[in-house]
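J.:
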Amino acid sequence: MSSTSPSSWHTVAIDKTLQQLSSNKEAGLSSQQVSERLQQYGPNELEETGGRSPWSIFVDQFTNIMLLMLMGVAVISAFLDIRSNTFPKDAIAIFAIVILNGILGYFQEQSAEKALAALKNLASPLVRVVRDGKTSEIAAKELVPGDVMLLEAGVKIAADARLIETSNLQVRESALTGEALAVTKQADLELAEDASLGDRLNVIFQGTEVVQGRAKAIVTNTGMETELGKIAAMLQSVENEPTPLQQRMSQLGNVLVSGALTLVAIVVIGGMITFQNGGIGFDTSRFEDLLEVSLSMAVAVVPEGLAAVVTVTLALGTRRMVKRNALIRKLPAVETLGSVTTICSDKTGTLTQNKMVVQLVSTGDCTVAVAGDGYAPIGDFSDRLTSAKINNLEEYPELESLLIACAVCNDAVLQQEQQEWQILGDPTEGALLCVAGKAGIYKDKQSQLLPRTAEFPFSSERKRMSVICEVPGRSGNSGFPAAEGQQPNYLMLTKGSPELTLERCKGIIVGDRVQPLTQEMRDRILAENNNMASGGLRVLGFAYKLWENVPPEGSEETSEQDMIWLGLVSMLDAPRPEVREAVVKCRNAGIRVVMITGDHQLTAKAIAYDLGIAKEGDRVLTGQELEKLSQEELKQQVEQVSVYARVSPEHKLRIVQALQSWGKFVAMTGDGVNDAPALKQADIGIAMGITGTDVSKEASDMVLLDDNFATIVAAAEEGRVVYSNIRRFIKYILGSNIGEVLTIAAAPLMGLGGVPLTPLQILWMNLVTDGVPALALAVEPGEPNVMKRPPFSPRESIFARGLGSYMIRIGIIFAILTIAMMSWAYGYTHSPGHGDPDAWKTMVFTTLCLAQMGHAIAIRSNTQLTIELNPFTNVFVWAAVIVTTILQLMLIYVPPLRAFFGTHYLTGFELLVCFGFSALMFVWIEMEKLFLRFYKARK
């Protein structure tokens, strides 16, 4: 069997390939060989490594440090309640919250890995092969190395193979290599070892599709050894990194839990210390009371509603993004988008339209620029030199002749379906039909005027095709002038490689006359061709010849001589018109755009210059050059290179990894199978919704529903707004939590009897009076300059930019106000004549809850006073404040709720005192804003 590397079959001659694979091109493999090789290589399938089970994902939700602490609190609380013959409602409530958080996290994280399933679907279910000298159809998974496959147009290739025979074979490889055009394959080539995937013209790959022609090929690699299999292996090897939000939430949990345990230790130990007779002792009789205090403090520290609020905020962000044509597949990606510093974009179908569009037409007399987008036959012609619009084609007869040739020498069909123009056939020929249609020249009508009678099909050796049409009695006014005295009946129109077509011409049409083609004219045409090609354009040359009789079949070599040159037509997979503006917005937002494509270097450079991704003089790195670089050498270059051409899937992965090693936060856009590993490796993988393969969508975090690069900018903006709002409600929630903890800790230290807040009341505060207004803050609109500043570092602490100091400062103010009220209320409720000595606890509970309402109203802006804000920009905040206040009053004045939550009835005067103290929180925050405004004005 073979000693050739699985990736090197393009370097091996046909005979040697057959010899190494012990196969016969006529008879194929024998049944015995097939059986042995199935045992040796296994079925032609992509192997799937086992992922995490649903049970392990669910269990992992309860490894969160905050939930572990809550579970510990619940166990101790249940023990104390059962010991005192009390129903453990606090423990049950805590366990319910823990389980709900776990379920929420499970559904958020449980995203089945469908990428390999999508990859498997790319394989054709049935394949025609030659075995034992007979042609038969077999299941694709039964293919083995050495099998001889028979291919024709429309077949999806089921394994990697070396071509043995080809007849006008074209294969669409865009899903694998990223190249927009179908590739013309040739069996008799032997290529260099370092030829890129897109340049391996003598081999075919699993998952690609035959567009035109026929072929016979010998299977070289199956299953995981194919290029598609290598991508599957890369997908499995890419580890999922936690998002910035997940890292920040983890950091927040660690800080809160360690802070809570420290505070619990201080309260318990400090509360038991006694000073008697000049010595220090321990009063263990107070341990159980102090333990109850510590349990309440532990519950107060953990923001039980935070996970739910974050999830709902991300879900709301997802809904807003869908309205802007961005579908989020993984919830944390909403916020992660706001941290992106680099967008690595595929070219074909992402930055470009994935539609060939004619840009320039050059005849013997003029060069014409063509306007218009896509395949719609709508657009203007203008003289390239003067920019003057061409309204009447009769003034440019040689241009009209060239456009007729575009329509007639053509096998594609241009049609309109549901108000959208589509091409059936080769995209290049579709572009020619489109440019002719812009001049009012349509194939249907021209085919009636010039009916085709014969043709010389395109061949990769000649790089031309010709059609022979009948011109009965029309030679004088057909637009193709004849030589003097010639009475032609047939017209041959030829298109193909400009150099090879031009060398077979002896004349040129200028105006409505034929002139001899001088060497000076040849040089000028070739210079124009080189100029177009260097700009990344694909160029075709056109010529014609008149005949009295139909040239004989198979005489293309002799018949395609002494032709009349018509001109050049150049085309491009044109950029999407909205992308230029999107690139500018990215630059203003501090986001760098990098193009990574499997297409040719010249084409990539032209598109990059046009869109502003790169500028003249910038380096373009090719796949061959990249292959020779070590990962460290690549790392040193990625900061300077904005365009990568002719790259393979492995290269894309390496580029993303090199950028990430610099601390860049990378988004990768793509639509092909080749993009899937890099999409998964990137911090944000962005797939195309319309042209994207299933594989790319399943590997991505986000799908662009309109395939519009500009949608990424809108999504990044939404991500920044979401992150700002998450920071806003974290400040809101944790500021009050610190106030709760300090208030609970102060009660025993002040010698007050009992704990002011039960764990159940604290859960109510954290879930309802904190959670509902926090949700309302989550829909606060973004600031005007959100996309005019660089992204914040994805590795910044959750407490960065003043958030930590704000929480501590506001928490202390909360505590001071509440402790002052608590001290007064304890004395007031214990005074003679007061009916309920425990009412002070409900006053503390109510004051903390109502103070949060003022906090929610004030925190909407860090700089503007509440009276300066438009109340209707976020009516949800006002609704949340009103609803939460009503719910809080129901806990005091509705008997069943009062009994369940352990609250006490408050008189009107006591409630008024609660409202008065809680309003001071709002006043303090507004005064802070005035002070900061005054301080900045003084500076």
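Using the working numbering, the first residue of the sequence shown is number 137, and each one after it goes up by one.
Even glycine gets a Cβ: it sits at the ideal position worked out from N, Cα and C.
Whole-angstrom Cβ separation of Ile-661 and Leu-629, contact assumed at under 8 Å?
T.: Actually they are not in contact, since the Cβ atoms of Ile-661 and Leu-629 sit about 18 Å apart, beyond 8 Å.
J.: To the nearest angstrom, report how far apart Ile-644 and Ala-541 are at their CA atoms.
T.: Spanning the two alpha carbons is a distance of roughly 15 Å.
J.: Is DSSP giving Leu-255 helix, strand or coil here?
T.: Only weak support is given to the placement of Leu-255: the predicted model assigns it a pLDDT of 42, under 50, and the question is left unresolved by the model.
J.: Can you give the beta carbon distance from Ser-158 to Gly-349, rounded, assuming they're within the 8 Å contact cut?
T.: Actually they are not in contact, since the Cβ atoms of Ser-158 and Gly-349 sit about 28 Å apart, beyond 8 Å.
J.: Distance cutoff 9 Å, beta carbons only. Does Phe-423 sit that close to anything in chain C?
T.: The structure shown contains no chain C; it holds only a single protein chain.
J.: Could you check where the alpha helix (DSSP H) with Leu-203 kicks off and where it finishes?
T.: Run containing Leu-203: 201-219, per the alpha helix (DSSP H) assignment.
J.: Rounded to a whole number of angstroms, what is the C-alpha to C-alpha distance between Gln-697 and Gln-489?
T.: One C-alpha to the other measures close to 37 Å.
J.: By the three-class DSSP mapping on this structure, what secondary structure does Gln-623 have?
T.: If DSSP states are grouped into helix, strand and coil, Gln-623 belongs with coil.
J.: Under three-state DSSP, which class holds Asn-546?
T.: Three-state DSSP puts Asn-546 in coil, outside helix and strand.
J.: Distance, Cα to Cα, Ile-367 vs Ala-812?
T.: When rounded, the distance between both Cα atoms is 7 Å.
J.: DSSP puts Ala-803 in a beta bridge; with which residues?
T.: Per DSSP, Ile-479, Ile-820.
J.: Could you say which of Lys-867, Phe-928, Tyr-177 lies nearest to Ile-944 if we only look at CA atoms?
T.: Of the candidates Lys-867, Phe-928, Tyr-177, the one whose C-alpha sits nearest the C-alpha of Ile-944 is Lys-867.
J.: Tell me, to the nearest whole angstrom, how far the beta carbon of Arg-790 is from that of Gln-772; I am working on the premise that it is less than 8 Å.
T.: With 8 Å as the limit, Arg-790 and Gln-772 do not qualify as a contact, their Cβ atoms being about 13 Å apart.
J.: Should Ile-1018 go down as buried or exposed, given a rule of 16 or more other Cβ atoms within 10 Å for buried?
T.: By the 10 Å Cβ count, Ile-1018 comes out exposed.
J.: How far does the alpha helix (DSSP H) with Pro-884 in it extend, from its first residue to its last?
T.: Its alpha helix (DSSP H) spans residues 845-885.
J.: Unbroken beta strand (DSSP E) runs of length 3 or more, entirely within the stretch 252-320: which are they?
T.: Counting only runs of 3 or more, we get 262-267, 270-275, 284-288, 296-308.
J.: Answer with buried or exposed for Val-1059, where buried requires no fewer than 16 other C-beta atoms within 10 angstroms of its C-beta.
T.: That one is exposed.
J.: In the structure shown, what three-state DSSP assignment does Asp-501 receive?
T.: Asp-501: coil per DSSP, three-state reduction.
J.: DSSP has Met-1081 in a bridge; who is on the other side?
T.: This structure leaves residue 1081 out entirely; the chain is present only between 137 and 1075.
J.: Per DSSP, which residues does Lys-352 bridge with? Please list them.
T.: Beta-bridge pairing links Lys-352 to Leu-286, Glu-301.
J.: Looking only at its chain, what residues have a beta carbon closer than 6 Å to the beta carbon of Ser-706, apart from the 5 residues adjacent to it on each side?
T.: Counting only Cβ-Cβ distances below 6 Å, and skipping sequence neighbours, we find Gln-495, Leu-496, Met-668, Leu-673, Val-675.
J.: How should Ala-259 be labelled, buried or exposed, when 16 other C-beta atoms within 10 angstroms of its C-beta is the threshold for buried?
T.: Its pLDDT being 40, under 50, Ala-259 is placed unreliably by the model, and the measurement read from it follows with that caveat. With 16 or more other Cβ atoms within 10 Å, it is buried.
J.: To the nearest angstrom, how far is the alpha carbon of Lys-250 from that of Val-839?
T.: With a pLDDT of 43 at Lys-250, under the threshold of 50, the modelled position of that residue is not reliable, and the figure given next carries that caveat. About 15 Å.
J.: Asp-268 and Ser-171 look like a contact to me (Cβ under 8 Å); what is the Cβ gap, rounded to whole Å?
T.: Not quite, the Cβ-Cβ distance comes to about 12 Å (not below 8 Å), so this is no contact.
J.: Suppose you measure from the CA of Lys-225 to the CA of Lys-833; what does that come to, to the nearest Å?
T.: Approximately 46 Å, taken between the alpha carbons.
J.: Go through its chain and collect everything with a Cβ distance to Ile-1028's Cβ below 6 Å, but skip five positions before and after it.
T.: Hits under 6 Å: Thr-1039, Leu-1042.
J.: What is the rounded straight-line gap between the Cα of Gln-821 and the Cα of Asn-861?
T.: One detail in the question is off: residue 821 reads as Gly in this sequence, not Gln. Computed Cα separation, rounded: 23 Å.
J.: In whole angstroms, what separates the C-alpha of Met-923 from that of Val-729?
T.: Computed Cα separation, rounded: 15 Å.
J.: Measure the CB-CB distance between Thr-847 and Arg-460 and report whether it falls below 9 Å.
T.: Yes; because the gap between Cβ atoms is below 9 Å, this pair is in contact.
J.: Could you name the residues that DSSP lists as bridge partners for Tyr-680?
T.: Tyr-680 pairs with Leu-629, Ile-700.
J.: Of the choices Cys-985, Met-699, Gly-748, whose alpha-carbon is the least far from that of Arg-723?
T.: Cα-wise, what sits closest to Arg-723 is Gly-748.
J.: Going by DSSP, what residue range makes up the beta strand (DSSP E) through Trp-798?
T.: Neither: Trp-798 is in no beta strand (DSSP E) and is coded neither H nor E.
J.: Are Thr-894 and Gln-1024 closer than 9 Å when you measure CB to CB?
T.: Against a cut-off of 9 Å, the Cβ pair of Gln-1024 and Thr-894 comes out as no contact.
J.: Residue range of the beta strand (DSSP E) that Pro-593 falls in?
T.: Looking at the DSSP string, the run of the beta strand (DSSP E) that includes Pro-593 is 588-595.
J.: What is the DSSP secondary structure of Gln-489, counted as helix, strand or coil?
T.: Three-state result, Gln-489: strand.
J.: With 16 other CB atoms within 10 Å as the buried threshold, where does Glu-876 fall?
T.: Per the 10 Å Cβ criterion, buried.
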